[in-house]
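Protein chains in written order, with this note's numbering: chain A, 1 to 342; chain B, 1001 to 1342. Here a beta-carbon is modelled for each residue, glycine too, at the ideal position from N, C-alpha and C. What follows is one structure encoded as structure tokens, with my remarks underneath.
2 protein chains.
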Amino acid sequence: MTRIGLGAALALLAGVAGAQERTIPSRALPTPTDVSPQMQALIGRPIAPTYDVVPKTTDEWLARQKASADGGAQSLPALAQRLHVKVEKQQMGGVTVYAVTPDTVDPRNRNRLLIHIHGGCYVLGGGLGAASEAVMMAGLGHYKVISVDYRMPPAAYFPAALDDVVSVWKEALKTHQAKSMAIFGSSAGGALTLETVIRLKQLGLPLPAAIAPGTPMADLTGVGDSFHTSAFVDNVLVSPEGFCDPAAQFYAHGHDLKDPLLSPVYGDYKGFPPAILTTGTRDLLLSNTVRVHRKLKDAGVEAELNVFEAMAHGGYSRDDTAPETHQAFGDIAKFFDKHLSR
Amino acid sequence: MTRIGLGAALALLAGVAGAQERTIPSRALPTPTDVSPQMQALIGRPIAPTYDVVPKTTDEWLARQKASADGGAQSLPALAQRLHVKVEKQQMGGVTVYAVTPDTVDPRNRNRLLIHIHGGCYVLGGGLGAASEAVMMAGLGHYKVISVDYRMPPAAYFPAALDDVVSVWKEALKTHQAKSMAIFGSSAGGALTLETVIRLKQLGLPLPAAIAPGTPMADLTGVGDSFHTSAFVDNVLVSPEGFCDPAAQFYAHGHDLKDPLLSPVYGDYKGFPPAILTTGTRDLLLSNTVRVHRKLKDAGVEAELNVFEAMAHGGYSRDDTAPETHQAFGDIAKFFDKHLSR
């Protein structure tokens, strides 16, 4: 049980009378007992002292980007091996992609294809490691997946990432039917999933049969209650003063942050394909995930929401042995199976 | 944006190294701009100084219960009038109920009936006010509803409330088909909705075609991460040291709190009817709502989850003019329409 002293409680009560802004007292946050040991380990990790260190020069951005890519590249081969998945670097429509193929493609998925968009605040997570979530989807869901290694700043700014995904989509349409394809990704990849559909609508191109935006960075303007309620509760993004928002602004490059192609929560959801969204109760982006869910429902779109107990940002794709990972990708695979033509 | 001083951040980091328990710093919680003015007003309310005052004697419990019943009875007639609903006190199977009938019953709902179970920590919310959520459902969803004014302690302890709901269900089966009926309720009423299905399974009685457990008090053993993360964030239940858990223990009367008929998260969800669950990002019972959602999905049950932005415990049934109230009951009405025979 949360223990709060009388003094703190009185200070709290004194602070709120008639105010619109409330002060929440400091509190102890025990590691929950109702999640898997793997999830306990993930959410028990201390907050990185560098959580709010933002690069100041191009060289610093490049160094951070390289460190992220190197780390991702290092861990991917073992992950692919564990999940019995083959990963091949290819070009599609002039864009670098990873073709991720499970040793066993489910016969129902033979003509189906998933497009995956990696996360990393629009700046990190590139290179071979980009495919890690695609590997989980391919290995656990037995789908073929194309993971897009889109261009990132400082090499290329908004809307380069989006343009690259659209180029890959156009290329995929040459070999697959839109109604047999889905798009998915988490964090910036969740936002890019939504932005891609908005962009495809603008371009009059066929839409995917379903999408799975995981904990999307759907609002870069600072709006979203869990930016405040989950600050220092989420040990991944930690706080809105962390790395991620400045990184996204680095990508935006002066463009209006309220543009739905950067903050898709402000988009028009009419005609969107069915969507399954995934987040956790500790996620700094819990609010922005549920706000998108509501927008979809209000637009008459079939939209499912999964919120995992005590999970921080993107926790469902950090440990392929965690039961929560199997549940999250299992639910997405089932949702795609329901909506994609064979 | 949440502002946390360097000192607090350093203390935080020092406190977490290698620890399983983390300390979350105090923080300011602004009223969000992305919810309706009605919801802003609800979540902007200061925390009641009496939030953790628990009655010590039978007379104190009775006084608290009477105050709750009087308040509910006072506000109900105007609510019923605004929503064009008629409320009649009746007896069903020896139990006091309120028959709640909209002036306009949707023709699709002519043979359908909903059973409503009110909240109030198993101790409060009785009398005419018990029907308030039933009035919203009837008025906004155009269904006929029976609201159960079940017995509460100190008049009668566990499993009296559950027995009363089962008695009403048996009586309803005499005039309606189970496949044309649903059960719903919030908080203790959400828990009782789940407990009723578990009990009906035990008794071999027909199950409802769908259920809508709203923010269920699904775990009385103190487990659930949002008891900690939402403490003092939720201005309704406030903290696990608040009134509600001691009240539920008063009802339990020494019975094992882990019994699924008191903590339904520990129940067997196989064979459950389709369920739609509702909660909010600030809800102290967010975790216990999503834990039940997961249990249902893992048992192969169709289960929908709605999580409202910045909403505290049960905020969707506190202001019938709020768009969030219309969205919540609208989604439940649609879900019932999908699953109930006509």
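Between the segment 1287-1313 of chain B and chain A, which residues of the former have a C-beta closer than 8 Å to a C-beta of the latter?
Answer in chain order: SER1287, VAL1290, ARG1291, HIS1293, ARG1294, LYS1297, ASP1298, GLU1304, LEU1305, ASN1306, VAL1307, PHE1308, GLU1309 and ALA1310.
Nearest to LEU62 of chain A by alpha carbon, out of A:LYS270, A:ARG151, A:ARG82 and A:ARG45?
Minimum Cα distance to LEU62 of chain A is reached at A:ARG151.
Cα-Cα separation, ALA1218 of chain B to SER1341 of chain B
In this structure, the CA atom of ALA1218 of chain B is about 28 Å from the CA atom of SER1341 of chain B.
Where GLU1363 of chain B falls, given that 16 or more other Cβ within 10 Å makes a residue buried
The requested residue 1363 of chain B is not part of the displayed model; chain B covers only 1001 to 1342.
Cβ-based contacts, 7 Å cut-off: residues of the segment 21-47 of chain A near chain B:
Residues of the segment 21-47 of chain A with a Cβ closer than 7 Å to any Cβ of chain B, in chain order: GLU21, ARG22, THR23, ILE24, PRO25, SER26, ARG27, ALA28, LEU29, PRO30, THR31, PRO32, THR33, ASP34, GLY44, PRO46 and ILE47.
Chain-order list of residues whose beta-carbon lies under 6 Å from that of ASP225 of chain A (same chain, five-residue window excluded)
Contacts found: SER287.
So, does the CB of PHE1272 of chain B fall closer than 8 Å to a CB anywhere in chain A?
Interface with chain A (8 Å Cβ-Cβ cutoff): PHE1272 of chain B is excluded.
So, is GLY1129 of chain B buried or exposed, given that buried needs 16 or more other C-beta atoms within 10 angstroms?
GLY1129 of chain B should be labelled buried.
Check whether the segment 1099-1108 of chain B and the segment 1157-1175 of chain B touch, using three or more Cβ-Cβ pairs below 8 Å as the test.
No contact exists between the segment 1099-1108 of chain B and the segment 1157-1175 of chain B.
Rounded to whole angstroms, what is the Cα-Cα separation between TYR1251 of chain B and TYR1122 of chain B?
C-alpha separation (whole angstroms): 6 Å.
Does the count of Cβ pairs from the segment 241-259 of chain A and the segment 43-63 of chain A closer than 8 Å reach three?
Yes, since at least three Cβ pairs between the segment 241-259 of chain A and the segment 43-63 of chain A fall closer than 8 Å, the two stretches touch.
Assign SER75 of chain A to one of two classes, buried (16 or more other C-beta atoms within 10 Å of its C-beta) or exposed (fewer than that).
Taking all protein chains in view, the Cβ of SER75 of chain A is surrounded by fewer than 16 other Cβ atoms within 10 Å, so the residue is classified as exposed.
Minimum Cβ-Cβ distance from THR951 of chain B to chain A less than 8 Å:
Lying outside 1001 to 1342, the shown extent of chain B, residue 951 of chain B is not represented and no answer is given.
Taking only the alpha-carbon atoms, compute the straight-line gap between ASP70 of chain A and ARG64 of chain A and give it to the nearest angstrom.
Roughly 10 Å between the two C-alpha positions.
Would DSSP call TYR157 of chain A helix, strand or coil?
For TYR157 of chain A, the three-state secondary structure derived from DSSP is coil.
Terminal residues of the beta strand (DSSP E) in which GLN1090 of chain B lies
Looking at the DSSP string, the run of the beta strand (DSSP E) that includes GLN1090 of chain B is 1085-1092.
Ordered along the chain, which non-local residues of its own chain (more than five positions away) have a Cβ less than 8 Å from that of HIS1326 of chain B?
Hits under 8 Å: LEU1140.
Please decide whether THR1193 of chain B counts as near chain A, where near means a Cβ-Cβ distance under 8 Å.
At a cut-off of 8 Å, the C-beta of THR1193 of chain B has no neighbouring C-beta in chain A.
I'd like to know whether the C-beta of ASP1225 of chain B is nearer than 8 Å to at least one C-beta of chain A.
Using a Cβ-Cβ cut-off of 8 Å, ASP1225 of chain B counts as an interface residue toward chain A, since at least one Cβ of chain A sits closer than that to its own.
Scan the segment 1253-1286 of chain B for residues whose Cβ lies nearer than 8 Å to a Cβ of chain A and list them as they occur along the chain.
Residues THR1281, ARG1282 and LEU1286.
At least one CB of chain A closer than 8 Å to the CB of HIS1326 of chain B: is that the case?
Residue contact check for HIS1326 of chain B against chain A: no CB pair falls below 8 Å.
What did DSSP end up calling VAL233 of chain A once you bin it into helix, strand or coil?
If DSSP states are grouped into helix, strand and coil, VAL233 of chain A belongs with coil.
THR1279 of chain B and VAL1307 of chain B closer than 8 Å at C-beta
In this structure, VAL1307 of chain B lies closer than 8 Å to THR1279 of chain B by Cβ.
Taking PRO46 of chain A as the reference, which of A:VAL233, A:LEU124 and A:ALA178 has the closest Cα?
Nearest option by C-alpha distance: A:VAL233.
SER187 of chain A to ILE1117 of chain B, Cα distance in whole Å?
Straight-line measurement puts the Cα of ILE1117 of chain B at about 39 Å from the Cα of SER187 of chain A.
First and last residue of the beta strand (DSSP E) that includes SER1186 of chain B?
In the DSSP annotation of this structure, the continuous segment of the beta strand (DSSP E) that includes SER1186 of chain B starts and ends at 1181-1186.
Using a Cβ-Cβ cut-off of 7 Å (strictly less than) and excluding sequence neighbours within five positions of ASP1320 of chain B, which residues of its own chain qualify?
Cβ neighbours of ASP1320 of chain B beyond the five flanking positions: LEU1079, ARG1082, LEU1083 and MET1136.
Which word fits PHE1329 of chain B, buried or exposed, when buried means at least 16 other C-beta atoms lie within 10 angstroms of its C-beta?
Classification of PHE1329 of chain B: buried, given that the 10 Å Cβ count is 16 or more.
Given that a residue counts as buried once 16 or more other Cβ atoms are within 10 Å of its Cβ, and exposed if not, what is ALA1275 of chain B?
Result: buried.
Below 9 Å between beta carbons is the criterion; list the residues of the segment 1207-1238 of chain B that meet it against any residue of chain A, in chain order.
Those residues of the segment 1207-1238 of chain B that come within reach of chain A (Cβ to Cβ, closer than 9 Å) are ASP1219, GLY1222, VAL1223, GLY1224, ASP1225, SER1226, PHE1227, HIS1228, THR1229, SER1230, ALA1231, PHE1232, VAL1233 and ASN1235.
In the DSSP assignment, the beta strand (DSSP E) including PHE1308 of chain B goes from what residue to what residue?
Where PHE1308 of chain B is concerned, the enclosing beta strand (DSSP E) stretches over 1303-1308.
Supposed contact pair VAL1097 of chain B and ASP1149 of chain B - C-beta distance, whole angstroms, cut 8 Å:
6 Å between Cβ atoms; contact.
Using CA coordinates, which residue listed in A:VAL95, A:GLN40 and A:PHE272 is at the minimum distance from LYS297 of chain A?
Selection A:VAL95, A:GLN40 and A:PHE272 evaluated against LYS297 of chain A yields A:PHE272 as nearest (Cα-Cα).
Segment contact flag, the segment 1308-1316 of chain B with the segment 1209-1218 of chain B, C-beta cutoff 8 Å, min 3 pairs:
Cβ pair count under 8 Å is three or more, so yes.
According to DSSP, is ILE115 of chain A part of a helix, a strand, or is it coil?
Note: ILE115 of chain A maps to strand in three-state DSSP.
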